[in-house]
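Colleague: Top line first, the protein sequences correspond to chains A and B.
Just add 211 to the spot in the first sequence (first one is 1) and you have our numbering.
Just add 211 to the spot in the second sequence (first one is 1) and you have our numbering.
The C-beta atom is built at its ideal place from N, Cα and C for all residues, glycine as well.
Let me begin by handing over the structure; questions about it come next.
There are 2 protein chains.
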Amino acid sequence: MSVPIFPTAQDAENAFYDSLERCDLEGMMAVWAEDEEIVCVHPAGTRLSGQDQVRESWAKMFAAGPRARLTIEQQVAISGMMLAVHSVFERFTIPEVKAEAQPAPIVATNVYLRTAAGWRMIVHHASPAPGQPEAAPARTKGPPKTLH
Amino acid sequence: MSVPIFPTAQDAENAFYDSLERCDLEGMMAVWAEDEEIVCVHPAGTRLSGQDQVRESWAKMFAAGPRARLTIEQQVAISGMMLAVHSVFERFTIPEVKAEAQPAPIVATNVYLRTAAGWRMIVHHASPAPGQPEAAPARTKGPPKTLH
C-alpha cells in the first residue's frame, strides 16, 4: 500500500476520522507520525505511547467492525508552521439505537506535525463530554486561525 | 498585579501547575492566552471555551482552597516556533489519605502559544488515567524535542 501524503493538518484529520468510522487500521496508522513519541488517550483510558501501543489499541477497538456513524462538530483549530492543534467533538450515532440512548459525545484534542512526509498526527486525546455542549464563543466555521 | 511574561512554554507550564496546586485563580488566569478560542476540558467534564467559562471553572475548583500536593510526571514535549505541546501525568496526593485511597492520576495535554506577551496556554485537556501508567518508550527526561 502506498503511504498517503497529507498536504494539510485538516487532510490528516479527515483521514483519521474516515479511518475511525470505517475501522480501517492501516488507514488509521498511516495518519500517525512514525515516531515513538506519539501519544494517544482513548476515552476513560490511560496514556498510550509509541507505535506499538497505539496500533494495538486501535486494532482492539476496530475488531468488531464498523457499527456507528461519526460526525465531527465545533472544531476549533490553530495552526503554526510545524504544529497544528484541533479541538473537536466526535458524535457517534448507532443506527439501531434511539436518540436518547446514543452515546455521549466525545471531546478530542488532536495535534498534527508537519513532517517530511506531510502532516501527521502526534497526539490524540479523547474523553467523554457529558452534558450539553458549550454555548460557546468558539468559532465553528471558517478557516483555522493561522499563526505567522 | 503585573502580568508575568513566560519566556518558554515550560515556564508557563510551571506557573500553571504552581497555581493549580496553590488554588491561585489570578496566577492561573495569567497563564492563559487572552483569546476567546482557549479550550479547557476538566476530568470528566465537557469542553469549556473562552475566558469567562475557563475562569469560572477554576474559581469553582479553587473555592475550597488547596488540599493536595501535585507532582507532574512523564512529560512528553514537542515545540515549534509558535506552538508547544506537552503531555503529562498529574498526580495529586492528599496528605491525610492512605496511599491506596489516593486519587487516580490525571493525564493532561497542554498546548502553549507564543504571543506578544510571552508563552501562554491555549488548550488544557485533562482526563482520569486509571490503571498503571504506560511502560513506555516515551522520553521522560531531557530537553523537549524542538522542531526546526
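Assuming V265 of chain B and W243 of chain B make a contact with CB atoms under 8 Å, what is their CB distance in whole Å?
Modeller: About 6 Å separates the beta carbon of V265 of chain B from that of W243 of chain B, a gap short enough to meet the 8 Å contact definition.
Colleague: What I want to know is whether the C-beta of P277 of chain B ends up closer than 7 Å to one or more non-hydrogen atoms of the ligand MG.
Modeller: As presented, the structure is devoid of all ligands, the ligand MG included, so that no description of it is given.
Colleague: By the 10 Å Cβ neighbour count, where 16 or more other Cβ atoms means buried, how is V218 of chain B classified, buried or exposed?
Modeller: In the sequence as presented, Val is not what sits at residue 218 of chain B; that position holds Pro. Per the 10 Å Cβ criterion, exposed.
Colleague: Reducing DSSP to helix, strand and coil, say where P348 of chain A ends up.
Modeller: No answer about P348 of chain A holds up, because its pLDDT of 47 lies below 50 and its placement is not dependable.
Colleague: Compare the C-beta of L281 of chain B against all C-beta atoms of chain A and say whether one is closer than 8 Å.
Modeller: no
Colleague: R266 of chain B touches chain A at which residues, Cβ-Cβ below 8 Å?
Modeller: Simply none; closest approach about 13 Å.
Colleague: With 8 Å set as the bound, which would you pick, yes or no: does the beta-carbon of E245 of chain A sit closer than that to a beta-carbon of chain B?
Modeller: Closer than 8 Å: no.
Colleague: Between K356 of chain B and chain A, is any beta-carbon pair separated by less than 8 Å?
Modeller: yes
Colleague: Taking 8 Å as the cut-off, decide whether the C-beta atoms of V252 of chain B and S260 of chain A are in contact.
Modeller: no
Colleague: For L361 of chain B, report the span of its alpha helix (DSSP H) as first-last.
Modeller: Because residue 361 of chain B is not part of the residues shown, which for chain B are 212 to 359, the question remains open.
Colleague: Please determine, among A:F300, A:F273, A:G291, A:A275, the residue with the shortest C-alpha to C-alpha distance to T282 of chain A.
Modeller: A:F300
Colleague: Could you spell out where the beta strand (DSSP E) holding L231 of chain A opens and where it closes?
Modeller: Careful: L231 of chain A lies outside any beta strand (DSSP E), inside the alpha helix (DSSP H) at 220-233.
Colleague: I'd like the list of long-range same chain contacts for P254 of chain A, defined as Cβ closer than 7 Å, with 5 residues on each side in sequence excluded.
Modeller: I317, A337, S338, P339
Colleague: Report the residue from B:E311, B:C234, B:S268 whose alpha carbon sits nearest the alpha carbon of G276 of chain B.
Modeller: B:C234
Colleague: Please report whether the beta-carbon of L294 of chain B lies at a distance below 8 Å from any beta-carbon of chain A.
Modeller: Yes, contact with chain A.
Colleague: Mind checking the stretch 222-251 of chain B against chain C and listing, in chain order, the residues whose C-beta falls within less than 8 Å of any C-beta there?
Modeller: Structure shown: chain C not included; protein chains present are A and B.
Colleague: State yes or no: is the C-beta of I305 of chain B within less than 8 Å of the C-beta of A274 of chain B?
Modeller: no
Colleague: For the stretch 281-356 of chain A, list the alpha helix (DSSP H) runs that are entirely contained and at least 4 residues long, ordered along the chain.
Modeller: none
Colleague: So, does the CB of S213 of chain A fall closer than 8 Å to a CB anywhere in chain B?
Modeller: no
Colleague: Closest by CA to L324 of chain A, which one among B:P341, B:Y323, B:L294, B:R302?
Modeller: B:L294
Colleague: Kindly give me the distance between the Cβ atoms of E247 of chain B and N321 of chain B, rounded to whole angstroms, as I take these residues to be in contact under 8 Å.
Modeller: At roughly 19 Å, the Cβ-Cβ gap does not stay under 8 Å, so E247 of chain B and N321 of chain B are not in contact.
Colleague: Would you verify that the beta carbon of T320 of chain A is, or is not, closer than 8 Å to some beta carbon of chain B?
Modeller: yes
Colleague: When you compare the CB of P314 of chain A with every CB in chain B, is at least one pair closer than 8 Å?
Modeller: no
Colleague: Quickly, what does DSSP pair V250 of chain B with across the bridge? List them, please.
Modeller: B:S260, B:V334
Colleague: Check whether the Cβ of T257 of chain B lies closer than 8 Å to any Cβ atom in chain A.
Modeller: yes
Colleague: Just to confirm my understanding: we take F227 of chain A, look at its own chain, exclude 5 residues before and 5 after, and list those with CB closer than 8 Å. What are they?
Modeller: M239, V242, N321, M332, H335
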